[in-house]
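Engineer: In this text, residue positions in the sequence shown follow our numbering: the first is 545, and each later residue adds one.
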Amino acid sequence: MDYTKVWLNYRPVKSASAQVFSLCTQEKGPIIDNIFAEFDTALPAMYGIVPVHGYKDGTIPIELSLDTVLHAEAYRIEKNEKKISITAGAHVGLLYGTFALLRFMQTGKASADFTVEKSPSNPLRMANHWDNMDGSIERGYSGKSFFFADDKVIVNERTRDYARMMASVGINASVINNVNVRFSAPFLLTERYRKPLIEMAKIFAGYGIKLFLSVNFASPVRVGGLDTADPLDKNVQVWWRDTCKDIFEDIPNFGGFLVKADSEGEFGPFAYGRTHAEGANMLADAVRPYGGIIVWRCFVYNCQQDWRDNITDRACQSYLNFIELDGKFADNVILQIKNGPVDFQVREPVHPLFGGLKHTNMMIEFQIAQEYTGQQRHVCYLLPEFREILDFKTYNGEEFDTVKDLVSGKNYGYKNCGMAAVMNTGNDKNWTGHDLAAANLYGFGRLAYEDTLTPEEIAQEWIALTFGNESQVMENVQKILMMSWPAYEKYNAPLGIGWMVNPNVHFGPNVDGYEYDRWGTYHRISHSAIGRDRSSRGTGYSQQYPEPLASMYDQIETCPEELLLFFHRVRFDHIMSTGETLLQYIYNTHFEGVEDVEKMLTMWETLKDKIEPESYARVLERMQFQLEHSKEWRDRINTYLYRMTEIPDAKGRKIYD
Ligand code: GCW
545 MDYTKVWLNY RPVKSASAQV FSLCTQEKGP IIDNIFAEFD TALPAMYGIV
595 PVHGYKDGTI PIELSLDTVL HAEAYRIEKN EKKISITAGA HVGLLYGTFA
645 LLRFMQTGKA SADFTVEKSP SNPLRMANHW DNMDGSIERG YSGKSFFFAD
695 DKVIVNERTR DYARMMASVG INASVINNVN VRFSAPFLLT ERYRKPLIEM
745 AKIFAGYGIK LFLSVNFASP VRVGGLDTAD PLDKNVQVWW RDTCKDIFED
795 IPNFGGFLVK ADSEGEFGPF AYGRTHAEGA NMLADAVRPY GGIIVWRCFV
845 YNCQQDWRDN ITDRACQSYL NFIELDGKFA DNVILQIKNG PVDFQVREPV
895 HPLFGGLKHT NMMIEFQIAQ EYTGQQRHVC YLLPEFREIL DFKTYNGEEF
945 DTVKDLVSGK NYGYKNCGMA AVMNTGNDKN WTGHDLAAAN LYGFGRLAYE
995 DTLTPEEIAQ EWIALTFGNE SQVMENVQKI LMMSWPAYEK YNAPLGIGWM
1045 VNPNVHFGPN VDGYEYDRWG TYHRISHSAI GRDRSSRGTG YSQQYPEPLA
1095 SMYDQIETCP EELLLFFHRV RFDHIMSTGE TLLQYIYNTH FEGVEDVEKM
1145 LTMWETLKDK IEPESYARVL ERMQFQLEHS KEWRDRINTY LYRMTEIPDA
1195 KGRKIYD
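(1) If you draw a straight line from the C-alpha of PHE811 to the C-alpha of ASN760, how long is it?
(2) Look up GLU1014 in the DSSP assignment and say whether it is helix, strand or coil.
(3) By the 10 Å Cβ neighbour count, where 16 or more other Cβ atoms means buried, how is GLN848 classified, buried or exposed?
(4) Tell me, to the nearest whole angstrom, how far the beta carbon of LYS902 is from that of ASP857; I am working on the premise that it is less than 8 angstroms.
(5) Are the beta-carbon atoms belonging to MET906 and CYS961 less than 8 angstroms from one another?
(6) Where CYS842 and LEU1009 are concerned, what is the direct C-alpha to C-alpha distance, given to the nearest angstrom?
(7) Tell me the rounded alpha-carbon separation between THR1102 and GLY799.
(8) Give a yes or no on whether the C-beta atoms belonging to THR1189 and LEU1127 are separated by under 8 angstroms.
(9) Do VAL636 and GLU617 have their beta-carbon atoms positioned less than 8 angstroms apart in this structure?
(10) Report all residues from its chain with a CB closer than 8 angstroms to the CB of LEU991; omit the five preceding and five following residues, and keep chain order.
(11) Do PRO896 and GLN1088 count as a contact pair if the criterion is CB distance below 8 angstroms?
(12) Quick check on DSSP: helix, strand or coil for PRO1047?
(13) Relative to the C-alpha of THR969, which candidate in ALA589, TRP674 and GLU661 has its C-alpha closest?
(14) Cβ of GLY989 within 8 angstroms of Cβ of ARG726?
(15) If you drop the 5 nearest sequence neighbours on each side, which residues of the same chain put their C-beta closer than 7 angstroms to that of GLU682?
(16) Which stretch, first to last residue, makes up the alpha helix (DSSP H) that contains SER1072?
(17) Under DSSP, the beta strand (DSSP E) around SER629 begins and ends at which residues?
(18) Mind pulling the beta strand (DSSP E) runs of 3 or more residues that sit fully within the segment 787-840?
(19) Classify ALA1031 as helix, strand or coil using the three-state DSSP reduction.
(20) Can you tell me where the beta strand (DSSP E) with GLN911 in it begins and where it stops?
(21) State the Cα-Cα distance for the pair GLU1091 and ILE881, rounded to the nearest angstrom.
(22) By the 10 Å Cβ neighbour count, where 16 or more other Cβ atoms means buried, how is PRO664 classified, buried or exposed?
(23) Starting from LYS1175 and walking both ways along the beta strand (DSSP E), at which residues does that stretch end?
(24) Can you grab the Cα-Cα spacing for the pair PRO995 / TYR640, in whole Å?
(25) Quick one: what does DSSP say ARG1068 is sitting in, helix, strand or coil?
(26) Along the chain, which unbroken stretches of the alpha helix (DSSP H) at least 4 residues long are found entirely within the segment 562-641?
(27) Taking C-alpha atoms, which residue in ALA717, ILE628 and ARG1081 lies nearest to ILE837?
(28) For ligand 1, is there a heavy atom less than 7 angstroms away from the beta-carbon of ARG683?
(29) Please look up how many angstroms separate the CB atoms of GLY1137 and TYR1035, rounded, as I've assumed it's under 8 angstroms.
(30) If you draw a straight line from the alpha carbon of GLU582 to that of GLY817, how long is it in whole angstroms?
What follows is the structure, given as structure tokens:
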């Protein structure tokens, strides 16, 4: 096995006296076997002694038992000098309790007596993989797929380690294929791939994970040989029902489908003049008998825009496509909404559908594949961003209306909702390309299970588990992680304007990369101003929010400064809250961003003898690249603006002309 164990790389617990544990339970089954296997791996590595199976005098029993009062995925750990007990609502809760206990032990938090009880914040905690069947990964920055190669499904030892890794942070659903369902991927639904999918799902089941597939809405035509995929056509409905019957009967832990429809060339109900509610509900009927779920994406917009058209606004479109359908979706449909209205830029406002939909199951879609945030070659720890978004008050109701309240279904009685993230894994040795990018994967899962955790708490856990809890390692890596998103934002496209990347690859600075293109993402820089007016005087996007947000975003004076250029067209001589002109503010932040990366690199270099050499070197190389690349960002953006305005930097720093 030529890959790392990431945060499950158990190591000796310092100062722990040798302890013999015994594993005791009446329970049986595949999840219990995996729990035993985990203890058998972890305890000898941490305490130097193999645990005993069954009660034995002179040992410390770890007792696993069920208490059906608890939620299936909840657990309680009680530890005193004589024993440790883990209680849960079902086997999967015992598994989560096991990983939690091992985490406490590894991070040195299990020496005293304690009791903890946790229950998941979000019902669905989902991984969205954009893996293609030829082995490539759309927006994949960590090598090739470990699910597919050469149009085949791969099931091997890594599948198990994948499932284990996901379960260790509480992820309970995995969509293994890309939402763009092309080439042979539509056939994942059919007999052709059934055998390996059954095998894979069986492994997943042992770790409490449901298997989901992305499906092509045109499947009845592409796969079923029908002449239509119209959701209101009887034959189409029967085809989906039969298909679902087979797949759910073969795969007991099959979860349902993720659907990208009428988006970026993917087929959808619009082709037949049907609504997205009609499309989604037809699929929902087909999966309902088996408790299945349809996750329907709201990333629907016109990607054929003319740059000369200054009225059409991509940011407005997702909301407009779905708001009228509020209340029309079946209860086993979840709308999956990207965190922002455009596309995972380093800074976007929270998607207005969260404040708008009142009778619809919602799920948030984050992206930990860092498509626009350095593609896992830059460090960009995204948990501070996720924290801000989840805590954002949407004004959907009077209270309990932060994004996290809405997607967790708390106080709304929704049971189908949760959090998803586009994944950052591949078959690279370290799973995530950049070793530090694993913090985003770890963090996403932890946050989805426990949505009140802070980015700092999550970082501390992850660092201690990954690199050990030596104080300088803890301190420096924590600082690097916490500085990284703000630093990236500073040297990137400024103040929410986004893009400025090379077309298609989305990597590297290119101020005009999308300026005259059809994708609806324009900065409209002139010699005197920058930005797109999305206020009520412009495209009207600000008015998609409830009050008081609509008014706040509508005025330059009250718009949060970090989003200034998302919402407004602003003159370069506009005075910012810091007292600088907008132009000078942009110059400054671009210089600062690079300085931050220099500091991050120095902090990493001081850890040379404290981090496992291969991992140290991998990160070092990427951080050196990041430094050079951040300079490229700084210089391209500053030079572009200097050429346009001919106003030099007030501090006389080098801007190229
Ligand atoms: O912006 C885009 C990405 C596409 C992706 C799409 C989506 C899977 O660049 O690669 O397609 O978002 O979210 O559907």
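Glycine included, each C-beta is placed from N, C-alpha and C at the ideal position.
Structural biologist: Based on what the coordinates show:
(1) 7 angstroms
(2) coil
(3) exposed
(4) Their Cβ separation, rounded to whole angstroms, is 24 angstroms, which puts LYS902 and ASP857 out of contact at 8 angstroms.
(5) yes
(6) 36 angstroms
(7) 44 angstroms
(8) yes
(9) yes
(10) LEU927, PHE930, ARG931, LEU934, MET963, LEU997 and ILE1002
(11) yes
(12) coil
(13) TRP674
(14) no
(15) TRP674, ASN676, ASN722 and ASN724
(16) Taken as a continuous stretch (DSSP letters only), SER1072 belongs to no alpha helix (DSSP H), as it is neither H nor E.
(17) 628-632
(18) 798-803
(19) helix
(20) 906-911
(21) 21 angstroms
(22) buried
(23) Element bounds for LYS1175: not the beta strand (DSSP E) but the alpha helix (DSSP H), 1157-1189.
(24) Per the sequence presented here, residue 995 reads as Asp, with Pro not at that position. In a straight line, the C-alpha of ASP995 is about 16 angstroms away from that of TYR640.
(25) coil
(26) 574-591
(27) ALA717
(28) yes
(29) 3 angstroms
(30) 52 angstroms
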